[in-house]
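A.B. asks:
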Amino acid sequence: MKYFFANWKMYLDLKQSLAFAEDISNLEFDNSKVGVSVFPNQITLCEVSEKLKGGGIYFGTQNVDWENSGAYSGATSVHMFKEIGCDFALVGHSERREVFGETNEDVRRKVEACLGGGIIPVLCIGETKEEKDSGKRNEILMEQLRSALEGLDKSNTKIMVAYEPIWAIGTGEACEPLEAKEVHLWIKEEYKKYFSNKDVEILYGGSVDAQNVLSYLSIDSISGVLVGSASTKIESFSAILKIVENL
Ligand code: 13P
Numbered sequence: 049m050k051y052f053f054a055n056w057k058m059y060l061d062l063k064q065s066l067a068f069a070e071d072i073s074n075l076e077f078d079n080s081k082v083g084v085s086v087f088p089n090q091i092t093l094c095e096v097s098e099k100l101k102g103g104g105i106y107f108g109t110q111n112v113d114w115e116n117s118g119a120y121s122g123a124t125s126v127h128m129f130k131e132i133g134c135d136f137a138l139v140g141h142s143e144r145r146e147v148f149g150e151t152n153e154d155v156r157r158k159v160e161a162c163l164g165g166g167i168i169p170v171l172c173i174g175e176t177k178e179e180k181d182s183g184k185r186n187e188i189l190m191e192q193l194r195s196a197l198e199g200l201d202k203s204n205t206k207i208m209v210a211y212e213p214i215w216a217i218g219t220g221e222a223c224e225p226l227e228a229k230e231v232h233l234w235i236k237e238e239y240k241k242y243f244s245n246k247d248v249e250i251l252y253g254g255s256v257d258a259q260n261v262l263s264y265l266s267i268d269s270i271s272g273v274l275v276g277s278a279s280t281k282i283e284s285f286s287a288i289l290k291i292v293e294n295l
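My numbering puts the first residue of the sequence shown at 49, with every later residue one more than the last.
1. When we look at the beta-carbon of VAL170 and count the other beta-carbons within 10 Å, is it buried (16 or more) or exposed?
2. Tell me the residue span of the beta strand (DSSP E) that contains PRO169.
3. For ILE217, is the beta carbon positioned less than 7 Å from some heavy atom of ligand 1?
4. Just to check, is the beta-carbon of HIS232 closer than 7 Å to a non-hydrogen atom of ligand 1?
5. Using the Cβ count rule (16 or more neighbours within 10 Å means buried), how would you classify PHE53?
6. Pop quiz: VAL275 and ILE235 are said to be a contact at Cβ under 8 Å. What is the actual Cβ separation, rounded to whole angstroms?
7. On the DSSP bridge list, what partners appear for ASP113?
8. State the DSSP-derived secondary structure class of LYS206, mapped to helix, strand or coil.
9. Could you pull out every residue in the same chain whose Cβ sits closer than 8 Å to the Cβ of SER269, ignoring the five residues on either side in sequence?
10. What residue range does the alpha helix (DSSP H) around TYR242 cover?
11. ILE105 and SER121 look like a contact to me (Cβ under 8 Å); what is the Cβ gap, rounded to whole Å?
12. For GLY164 and ALA123, what's the separation of their Cα atoms in angstroms?
13. VAL139 by DSSP, collapsed to three states: which one?
14. Please determine whether the Cβ atom of SER255 lies at a distance below 7 Å from any heavy atom of ligand 1.
15. Enumerate in chain order the residues of its own chain whose CB-to-CB distance from PRO225 is below 7 Å, with the five nearest sequence positions on each side excluded.
16. Would you tell me roughly how many angstroms separate the C-alpha atoms of GLY253 and ALA216, rounded to the nearest one?
17. With a threshold of 6 Å on Cβ separation, who are the neighbours of THR92 within its own chain once the five nearest residues in sequence on each side are excluded?
18. DSSP state of ASN186, grouped into three classes?
19. How many Å lie between ASN79 and ALA258 at the Cα?
20. Excluding the five sequence neighbours on either side, which residues of its own chain have a C-beta within less than 7 Å of the C-beta of ARG144, listed in chain order?
21. Taking the CB atoms as reference points, tell me whether HIS141 and CYS94 lie closer together than 8 Å.
22. Report the residue from CYS162, VAL261, PHE136, TRP56 whose alpha carbon sits nearest the alpha carbon of ASP201.
23. Can you give me the C-alpha to C-alpha distance between ILE168 and ASN116, rounded to a whole angstrom?
24. Are the Cβ atoms of ASN260 and ALA222 separated by less than 8 Å?
25. Under DSSP, the alpha helix (DSSP H) around LEU66 begins and ends at which residues?
26. Between VAL292 and LYS50, is the Cβ-Cβ spacing less than 8 Å?
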């Protein structure tokens, strides 16, 4: 089974999210063939999940904070996301790192909090165009990966990774599938070295749409896709869903 994870970012407000959720609830699909999770904006998450309840769709948050409860203005804990039915959390998305200054240490704390609270962290890693062009890609990815996993209990962890090259996000310039395959295989090897030989599921993200999704999903080492803008329109959402389901 492959995954279709839909990151709605800050594209849809409450009204739009609910209308979109209504459209999605009319789609029929076999959830034993495709793992679908939507990641709505935090403020819409409760109502969207209520609307889609029972339809075989999972939910996730686009971000989470590491503290559990207390005097942390503006923060939302893993426990709170779990309470409203979230199974996944995107952690370390490049937009959080680049726009909001999240550090590798912040990401590590968030991964740790997710694991402690029973939410599967989807650890997002990726390099900039400059890093790629200067041959630093692997170094950057390794630093992001290793620092996020530092000190974790290696025996009892379920983590997913999303490889999202920053230069491919929202640019229409998706990573070539064979290049993505190579990077995924390399990440898997690194992860195994660090995590007692465990395999890790890795999603590809960055300008995925209904036209190119199959070229990623037909590759073994790519467990699924993390889709931004194409997951916020019903035509492309349903087209991607069908393709993943019928693999
Ligand atoms: P796009 O699909 O819009 O390029 O965004 C990818 C992404 O950042 C998903 O998390």
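Even glycine gets a Cβ: it sits at the ideal position worked out from N, Cα and C.
C.D. replies: According to the data block:
1. Taking the first residue of the sequence shown as 1, we reach residue 170 at position 122. The residue is buried, with at least 16 neighbouring Cβ atoms inside 10 Å.
2. If you number the sequence shown from 1, residue 169 lands on position 121. Unbroken beta strand (DSSP E) run through PRO169: 168 to 173.
3. Here residue 217 is taken as the residue at index 169 of the sequence shown, counted from 1. Yes, the beta carbon of ILE217 sits closer than 7 Å to at least one heavy atom of ligand 1.
4. If you number the sequence shown from 1, residue 232 lands on position 184. A distance criterion of 7 Å places the beta-carbon of HIS232 beyond contact range of ligand 1, judged by its closest non-hydrogen atom.
5. For the purposes of this step, residue 53 is taken as residue 5 along the sequence shown, with counting starting at 1. When all chains shown are included, PHE53 counts as buried.
6. As a working mapping, residue 275 is identified with position 227 in the sequence shown. As a working mapping, residue 235 is identified with position 187 in the sequence shown. In fact, because the Cβ distance is near 19 Å, the residues do not count as touching under 8 Å.
7. If you number the sequence shown from 1, residue 113 lands on position 65. Answer by DSSP bridge pairing, in chain order: SER125.
8. For the purposes of this step, residue 206 is identified with residue 158 of the sequence shown, where counting begins at 1. Coil at LYS206, not helix or strand.
9. To locate residue 269, count along the sequence shown from 1; it is residue 221. Excluding sequence neighbours, SER269 sits near LYS229, HIS232, LEU233, LYS236, ILE250.
10. Position 194 of the sequence shown, counting from 1, holds the residue named residue 242. Its alpha helix (DSSP H) spans residues 225 to 242.
11. Walking along the sequence shown from the start, residue 105 turns up at place 57. Walking along the sequence shown from the start, residue 121 turns up at place 73. Wrong, their Cβ atoms sit about 31 Å apart, outside the cutoff.
12. Mapped onto the sequence shown, residue 164 falls at position 116. Mapped onto the sequence shown, residue 123 falls at position 75. Approximately 17 Å between the Cα atoms of the pair.
13. Here residue 139 refers to the residue found at position 91 of the sequence shown. The answer is strand: DSSP assigns VAL139 an E or B state.
14. To locate residue 255, count along the sequence shown from 1; it is residue 207. At least one heavy atom of ligand 1 lies less than 7 Å from the C-beta of SER255.
15. Position 177 of the sequence shown, counted from the start, is the residue given in the question as residue 225. SER263, TYR264, ILE267.
16. For the purposes of this step, residue 253 is identified with residue 205 of the sequence shown, where counting begins at 1. For the purposes of this step, residue 216 is identified with residue 168 of the sequence shown, where counting begins at 1. Roughly 8 Å between the two C-alpha positions.
17. Here residue 92 corresponds to residue number 44 of the sequence shown, with the count starting at 1. Hits under 6 Å: LEU62, SER65.
18. Locating residue 186 in the sequence shown gives position 138, where the first residue counts as 1. Here ASN186 sits in helix by DSSP.
19. By one-based count along the sequence shown, residue 79 stands at place 31. By one-based count along the sequence shown, residue 258 stands at place 210. In a straight line, the C-alpha of ASN79 is about 19 Å away from that of ALA258.
20. Counting from 1 along the sequence shown, the entry for residue 144 is found at position 96. Around ARG144: ASN111, GLU150.
21. The residue given as residue 141 occupies position 93 in the sequence shown. The residue given as residue 94 occupies position 46 in the sequence shown. No, these two residues do not count as a Cβ contact at 8 Å.
22. Mapped onto the sequence shown, residue 201 falls at position 153. The residue with the shortest Cα to Cα distance from ASP201 is CYS162.
23. In the sequence shown, counting from the first residue as 1, residue 168 sits at position 120. In the sequence shown, counting from the first residue as 1, residue 116 sits at position 68. Roughly 16 Å between the two C-alpha positions.
24. Within the sequence shown, residue 260 is the residue found at index 212, counting from 1. Within the sequence shown, residue 222 is the residue found at index 174, counting from 1. Against a cut-off of 8 Å, the Cβ pair of ALA222 and ASN260 comes out as a contact.
25. In the sequence shown, the residue the question calls residue 66 occupies position 18. That run of the alpha helix (DSSP H) goes 62 to 73.
26. Here residue 292 refers to the residue found at position 244 of the sequence shown. Here residue 50 refers to the residue found at position 2 of the sequence shown. Result yes, Cβ atoms of VAL292 and LYS50 sit closer than 8 Å.
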